[in-house]
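What follows is a set of notes on a single structure, which appears directly below.
Protein chains: 2
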Amino acid sequence: MTIKEVASKFSLTNDTLRYYEKVGLIGPIKKNKSGIRDYQEEDLRRIEFIKCMRSAGIPIEILKKYVDLYDLGDSTKNERQKLLEEEKVKLETRIKTMQDTLDKLNYKIELYKTNKLDKYL
Amino acid sequence: MTIKEVASKFSLTNDTLRYYEKVGLIGPIKKNKSGIRDYQEEDLRRIEFIKCMRSAGIPIEILKKYVDLYDLGDSTKNERQKLLEEEKVKLETRIKTMQDTLDKLNYKIELYKTNKLDKYL
DNA sequence: TATTGACATAAACTATACTCTAAGTAGTAT
DNA sequence: ATACTACTTAGAGTATAGTTTATGTCAATA
Chain A
2 MTIKEVASKF SLTNDTLRYY EKVGLIGPIK KNKSGIRDYQ EEDLRRIEFI
52 KCMRSAGIPI EILKKYVDLY DLGDSTKNER QKLLEEEKVK LETRIKTMQD
102 TLDKLNYKIE LYKTNKLDKY L
Chain B
2 MTIKEVASKF SLTNDTLRYY EKVGLIGPIK KNKSGIRDYQ EEDLRRIEFI
52 KCMRSAGIPI EILKKYVDLY DLGDSTKNER QKLLEEEKVK LETRIKTMQD
102 TLDKLNYKIE LYKTNKLDKY L
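Encoded structure:
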């Protein structure tokens, strides 16, 4: 699978895919004799995971740590699990924060709708 | 109220407060004869709002647009309401994305817990 | 053969949101 | 009077995550 096809499949850009490879999140991707990338099934699974995690704002640095542990093999399973559990907690916290903001936003919108605004921003 | 007190009250830094003022999100803050900032009630309300929205990731540029509209007076009420409603939708979308990621994270953690991982990242 | 288009690389650039530094002043403590 | 601390400013620097640019190669088409 070419970089273009992969980029299209995951709604990423070619640049982002090469960037992810450069920082070691994926790959190194297999290349043909002309030096053109040929993404394998395994690569696609990684990219899907990375994309999902990134879309929730999990930093590249953390994901890098995770894939590095993965590549070290079975002995790192506990450490990987711990990492995921930590990110889970952080993510829950962020979701709660955003939900609170959403609630305030809804309240404010209600005030606008009912014309009850006075001297508040 | 001094910048230090305000920063402490909202868990921001002095630098961030001055930065928000520089980009026009708040202020201009009243200053005493020595040029020291003295935050007023109205300023605090704005800062609380800004802090809340920022904590949910709403960009400064959008917030700036909102406070600018606010400062233009009542004639901008509809526009402000529309802006808030748009941000509400974006925020809901982001929360959903993050919730999906959280679900996947939980699923993955389950796999770790039950030792059912095989060749997946 | 000449050109075109997609790919490649390294490195510079951008966007967003701060954060820090340098240099200076005002008010207080010794 | 001197030192110390907290504040001030303008402007430079940092962090994160890409994105763009310059330059080059290769395969296929005109």
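Same order as they appear, the protein sequences are chains A and B. For the first sequence, the positions run 2 to 122 when the working numbering is used. For the second sequence, the positions run 2 to 122 when the working numbering is used. Just so you know, even glycine gets a beta-carbon here, dropped at the ideal spot from N, CA and C. All values reported here derive from a predicted model rather than from experimental measurement.
What's the call for Val7(A), buried or exposed, on a 16-neighbour Cβ count within 10 Å? For Val7(A), the number of other beta carbons within 10 angstroms of its own is at least 16, and it is reported as buried.
Specify, as a first and last residue, the run of the alpha helix (DSSP H) that Ile4(B) falls within. Unbroken alpha helix (DSSP H) run through Ile4(B): 4-11.
Can you list the alpha helix (DSSP H) stretches of 4 or more residues lying completely in the stretch 37-64 of chain A, in chain order? Taking only runs of at least 4 residues, the alpha helix (DSSP H) segments lying wholly in the stretch 37-64 of chain A are 42-56.
Please list, in chain order, the residues of the stretch 90-114 of chain A that have any C-beta partner in chain B closer than 8 Å. Here the close residues are Leu92, Glu93, Arg95, Ile96, Thr98, Met99, Gln100, Asp101, Thr102, Leu103, Lys105, Leu106, Asn107, Lys109, Ile110, Tyr113, Lys114.
Per DSSP, what are the beta-bridge partners of Lys32(A) in this structure? In the DSSP output, where bridge partners are listed per residue, Lys32(A) has Arg38(A).
Any beta-carbon of chain A closer than 8 Å to the one on Met2(B)? Not one chain A Cβ lies under 8 Å of Met2(B).
Opening and closing residue of the alpha helix (DSSP H) in which Ile96(B) lies: Membership of Ile96(B) in the alpha helix (DSSP H) is indicated by the continuous run 78-114.
Which chain A residues sit within Cβ distance under 8 Å of Tyr71(B)? Within chain A, the residues whose beta carbon sits less than 8 Å from that of Tyr71(B) are Leu122, listed in sequence order.
Leaving out five residues before and five after Ala1(B) in sequence, what residues of the same chain have Cβ atoms less than 7 Å from its Cβ? There is simply no residue 1(B) to check, as chain B begins at 2 and stops at 122 in what is shown.
Closer than 8 Å between beta carbons: that is the criterion. Which residues of the stretch 39-66 of chain B meet it against chain A? So the close ones are Glu43, Arg46, Arg47, Phe50, Cys53, Met54, Ser56, Ala57, Gly58, Ile59.
Could you tell me if Tyr67(A) is buried or exposed, where buried requires 16 or more neighbouring beta carbons within 10 angstroms of its beta carbon? With 16 or more other Cβ atoms within 10 Å, it is buried.
CB contact flag (Ile51(B), Tyr40(B), <8 Å): Using a Cβ distance threshold of 8 Å, Ile51(B) and Tyr40(B) do not count as a contacting pair.
Hey, Asp44(B) and Ile27(B): beta-carbon distance below 8 Å or not? Cβ distance < 8 Å, so Asp44(B) and Ile27(B) count as in contact.
So for Asp119(A), helix, strand or coil by DSSP? Coil.
Verify whether the separation of the beta carbon atoms of Ile110(A) and Glu86(B) is less than 8 Å. Less than 8 Å divides the Cβ of Ile110(A) from the Cβ of Glu86(B).
Nearest by alpha-carbon distance to Lys117(B): which of Ile4(A), Thr3(A), Asp75(A), Leu122(A) is it? Considering only alpha carbons, the answer is Asp75(A).
Tell me the DSSP secondary structure of Leu26(B) in three-state form. In this structure, Leu26(B) counts as coil in the three-state DSSP scheme.
What number of angstroms, rounded off, separates the C-alpha of Leu70(B) from the C-alpha of Leu106(B)? Here the C-alpha atom of Leu70(B) lies approximately 41 Å from the C-alpha atom of Leu106(B).
Determine the DSSP secondary structure at Ile17(A), reduced to helix, strand or coil. The residue you asked about is not Ile; residue 17(A) is Thr in the sequence shown. Thr17(A): helix per DSSP, three-state reduction.
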